[in-house]
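Have a look at the structure below before the remarks.
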Ligand SMILES: Cc1ncc(COP(=O)(O)O)c(C=O)c1O
Ligand SMILES: Cc1ncc(COP(=O)(O)O)c(C=O)c1O
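Residue numbers (this note's numbering), protein chains in the order written: chain F, 1223 to 1630; chain X, 1223 to 1630; chain A, 1365 to 1495; chain P, 1365 to 1495.
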């Protein structure tokens, strides 16, 4: 079902903003973070105005309401990704912290010197640095699935790497630069066949595609609320129940314990074992509202809309002389278009587009090794979400012509 | 200057809530989390409606506005605690994460088997468990400053422990159960005299008292926004500049790096070195608004108001037969009163008080060892903040008489 | 909520009917709620057909946990062990006749958890028993 | 913002007046902005009184960073090294004649950072030099 984007946009107050007088906003930076519908803002505001309290240990009405709302949010997040049980969802600050949690807790308990971890060349820094840190500390070995010239993973090399029986394979479901949607289900199956545990960086997939952790058979899967219409300050780690049971705690403190004595403690059961201190309670409430919104729209519709926009964007950008788009063709691609403009620095492109109210990002997008691979330092990136329109793509293309004229 | 509490309360929408029809809320649980003034809610709402974007790496207008707001918030937090520079403030999820950051990063780099860490018997679990975990991993030794029968730290034992030249002394500025305000400046000086690094758990002091990190000469100091009128999902670590420079990173990911290659990375400078991934941006904006609010009221006034309320509460509770209050006399005490009621379980006390709309907490308040010390499992705790009144104390006392009658 | 401290709860808390420790017994189990330190022990006697003939609890804790235990013991006398295995949280709440928030629910369910862990012969009790 | 790409910036970017590498030179320093890979090298010649007689920059990067460097080199010829040490971010912004957000500010200030680190004879440049 095609989205009624005009109607839907009216729920996003920021989208009617003028960047400066007379210059309306064209927001093409949803891969960095998304805008929020009124229902998400209202849910958090209402929480603070009506039910705000600390959770879990309180018996008064507010504490009970807050606890129920927080745990309901966990249930909604779990259902959204088809997790078997709510207790398999840990709330973190963001996708990055979720990966670090796995690296510190599961990684330090399970990986020893010489063990192999397989990553890809298209990973976000958040799925590189935690493993580099573990590698430096423990002598864990890292190897990488290369990215081909057309922006796909080189699956032949993946096969070869699997013969070295990695302990962990960690890869992104969708690249935040190339837009590549990786053939996850197959890759997970192959990793499991050699006994590897699989972590999926779903920061760009859960917001944009229907994701079913059971169908994918992911062992760990991470994402961030702020990239899916939700608030900043909260993300999620999904993991298989047996893994969570066996993992040692990560952060210590209130709520993650059953009992504490001066010198010893007994950890709580998952998910609480991994949530130390007062969590992001209002943010969980906002996260739940974002999921309600996305469910009402339908993830199939979101994905279809983005496919249409990105196909149109690729078509329009191809016609501009000097534009080079990175990444695969539309069929393998989510709503992200990273490009360079010959002879003009991406920072200048982005800054001049901003004069026309067009918000795109310029830089390495936290994927410096990927840019190195393509022999460039930076790209300009336009990214799309359910609220973007073809007219906005047209504005982008006009803007690029303006940039070329200025530097011509 | 005495607070105009009636006027001030009108800025807190939740305080006019009825817990159920006809039963207004008496919120006496601010030690767990505080309520939020409208200005905090408005600041976050406005952020999402007007400037929401990811920060640091964006050149478009929204990203610049968001970056400026986020870094302004850091500056406000730094100024509030009189930190020499904004870059000495790291945003974390909460006080608990801040302590874990120190334990993982500074602790693992600086503490070895046999090194002594001195804590106190009145610590919150968040300032116990991270050190217990380090102790289990590294063989670091833990010892504890005892709590006296009247709820003070036994400073003679502290002196004795200092002769064993601890590497780290970590203690709470104010107990979240006893309300004890510890003689911090002296304790820090004495610790420094033997070469120890000092971590201050200021989760209960920064919200309630004027705190000056330079006057205290604290090396590390942690607190949470949600306990000082701000949102959930954000807290802060203050540290001396030299410590932050020398410490290895904690979480790896976007934004905490200067450069990343496939197998290596160069960490960013503080504070960014310690903030991996998209931070709690809207929450930082809310945190700043909370600080603006507290500054406008004046921390001296906040502290004076609470002293008055707690003195009154102690006086009124003393008259109730069967009530036993824990902690020191009013002169050493912040706005927290933990008590037991003879023969009645604290859970029952709290639950029955809730029938009258009175929100207090029952349990060990994440300070189980402290409760063990006093030979009890749980207390009922009433805690006060700038919006509480003597009338609310009266309601509490009436409620306690009701509880006694019911169980009589 | 108004009903939370229904007379029966206060009454059972003050004057329990099934408090004690059966010696000898056929089934015994104990556990506590770490959140608040409530502790419950259950002892049961059964006949040759696996039917409960006597039930007692001992322990300490809040009125909800102790009254729940007392009412639960009363209700299981005459039941078969199989019937006990199928008891759920709603059965217990029906006995109490009140609604409970998430924290107090744990107090109320402690005795059922202990009872079921004993009947199943488990080494430890778990929240899953009462979900 | 309207002024951001003032003609002078585009013009200086396309037709720099001080691009090059002085050989021999009295002072040389180079650094880059890791955020975007911009790179700037500065070479200076001075007379016996510590006054700059010639200044050149080399490097690559965005228009802002390159134009800033070019304008900065022009402005320091004839200045003493002591005068250069006291240059601040506002001096550079005055040269550019535009306002800049926090991210682009780093691009603009890169050349000043490099220049000052060279003049101070530091082993590495730091943001503190241009605060
Ligand atoms: C003294 C003390 N330290 C630490 C904490 C932990 O704070 P948070 O839960 O915000 O991490 C608290 C909060 O209860 C506290 O009272
Ligand atoms: C693929 C991918 N992984 C991880 C992240 C990190 O997300 P966050 O910054 O919310 O932790 C991002 C966000 O930029 C991303 O695009």
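Heads up, the beta-carbon is just placed ideally off N, CA and C, and yes, glycines get one too.
So that I know if they touch, is there some Cβ in chain F lying closer than 7 Å to that of residue i?
| i | result |
| --- | --- |
| residue 1352(X) | yes |
| residue 1375(P) | no |
| residue 1400(X) | no |
| residue 1628(X) | no |
| residue 1366(X) | yes |
| residue 1241(X) | yes |
| residue 1370(P) | no |
| residue 1271(X) | yes |
| residue 1267(X) | yes |
| residue 1593(X) | no |
Which chain P residues are close to residue i, counting only those with a beta carbon under 7 Å from its beta carbon?
| i | result |
| --- | --- |
| residue 1444(X) | Going along chain P, no residue has its Cβ under 7 Å from residue 1444(X), so there is no contact; the nearest lies around 26 Å. |
| residue 1585(F) | 1399 and 1400 |
| residue 1500(X) | Neighbours of residue 1500(X) on chain P: none; closest Cβ ~16 Å, over 7 Å. |
With a cut-off of 7 Å, does the C-beta of residue i fall near any C-beta of chain A?
| i | result |
| --- | --- |
| residue 1600(X) | yes |
| residue 1342(F) | no |
| residue 1387(F) | no |
Going by the CB atoms, is the gap between residue j and residue i shorter than 7 Å?
| i | j | result |
| --- | --- | --- |
| residue 1575(F) | residue 1621(F) | yes |
| residue 1510(X) | residue 1258(X) | no |
| residue 1231(F) | residue 1237(F) | yes |
| residue 1529(X) | residue 1615(X) | no |
| residue 1354(F) | residue 1487(X) | yes |
| residue 1603(F) | residue 1560(F) | yes |
| residue 1318(F) | residue 1498(X) | yes |
| residue 1435(A) | residue 1459(A) | yes |
| residue 1340(F) | residue 1383(F) | yes |
| residue 1419(A) | residue 1440(A) | yes |
| residue 1348(X) | residue 1475(F) | yes |
What in chain X is Cβ-close to residue i, meaning under 7 Å?
| i | result |
| --- | --- |
| residue 1425(A) | 1567 |
| residue 1257(F) | 1274 |
Note down, in chain order, every chain A residue with its Cβ under 8 Å from the Cβ of residue i.
| i | result |
| --- | --- |
| residue 1245(F) | Within 8 Å Cβ-Cβ: nothing; residue 1245(F) doesn't reach chain A, min ~50 Å. |
Let me see if you follow: with CB-CB separation under 7 Å, is residue i close to chain X or not?
| i | result |
| --- | --- |
| residue 1252(F) | no |
| residue 1281(F) | yes |
| residue 1355(F) | yes |
| residue 1366(P) | With a pLDDT of 47 at residue 1366(P), under the threshold of 50, the modelled position of this residue cannot be trusted, and the question is left open. |
| residue 1336(F) | no |
| residue 1465(P) | yes |
| residue 1378(F) | no |
Which partner residues of residue i appear in the DSSP bridge assignment?
| i | result |
| --- | --- |
| residue 1444(A) | 1415(A) |
| residue 1571(F) | BP columns for residue 1571(F) are empty, so no partner. |
| residue 1460(X) | 1311(X) and 1443(X) |
| residue 1404(A) | 1395(A) and 1423(A) |
| residue 1560(X) | 1548(X) and 1603(X) |
Give the interface partners of residue i over in chain F, defined as CB-CB distance under 8 Å, in chain order.
| i | result |
| --- | --- |
| residue 1468(P) | 1569 and 1573 |
Below 9 Å on C-beta distance, what does residue i contact in chain F?
| i | result |
| --- | --- |
| residue 1484(P) | Correct list: empty, because the minimum Cβ distance to chain F is about 28 Å. |
Show which residues of chain F have a CB atom less than 7 Å away from the CB atom of residue i.
| i | result |
| --- | --- |
| residue 1347(X) | 1475, 1476, 1479 and 1482 |
| residue 1505(X) | 1454 and 1455 |
Can a CB atom of chain C be found closer than 7 Å to the CB of residue i?
| i | result |
| --- | --- |
| residue 1596(X) | You won't find chain C in this structure, because its protein chains are F, X, A and P. |
Verify the CB distance criterion: does residue i have a CB-CB separation below 7 Å to chain P?
| i | result |
| --- | --- |
| residue 1286(X) | yes |
| residue 1394(X) | no |
For this session: Report the residues of the stretch 1559-1574 of chain F with a CB closer than 7 Å to any CB of chain P, ordered along the chain.
Result: 1567, 1569, 1570, 1573 and 1574
Problem set entry | Residues in the stretch 1386-1400 of chain A having any Cβ partner in chain F nearer than 7 Å | 1398 and 1399
For this session: Give the residues from the stretch 1484-1497 of chain X that approach chain P closer than 9 Å (Cβ to any Cβ), ordered along the chain.
Result: 1488, 1490 and 1491
For this session: Give the residues from the stretch 1450-1476 of chain X that approach chain P closer than 8 Å (Cβ to any Cβ), ordered along the chain.
Result: none
Problem set entry | Residues from the stretch 1305-1323 of chain X in contact with chain F, defined by Cβ distance under 8 Å | Contact residues of the stretch 1305-1323 of chain X toward chain F are 1315, 1316, 1317, 1318, 1319, 1321 and 1322 (C-beta to C-beta distance below 8 Å).
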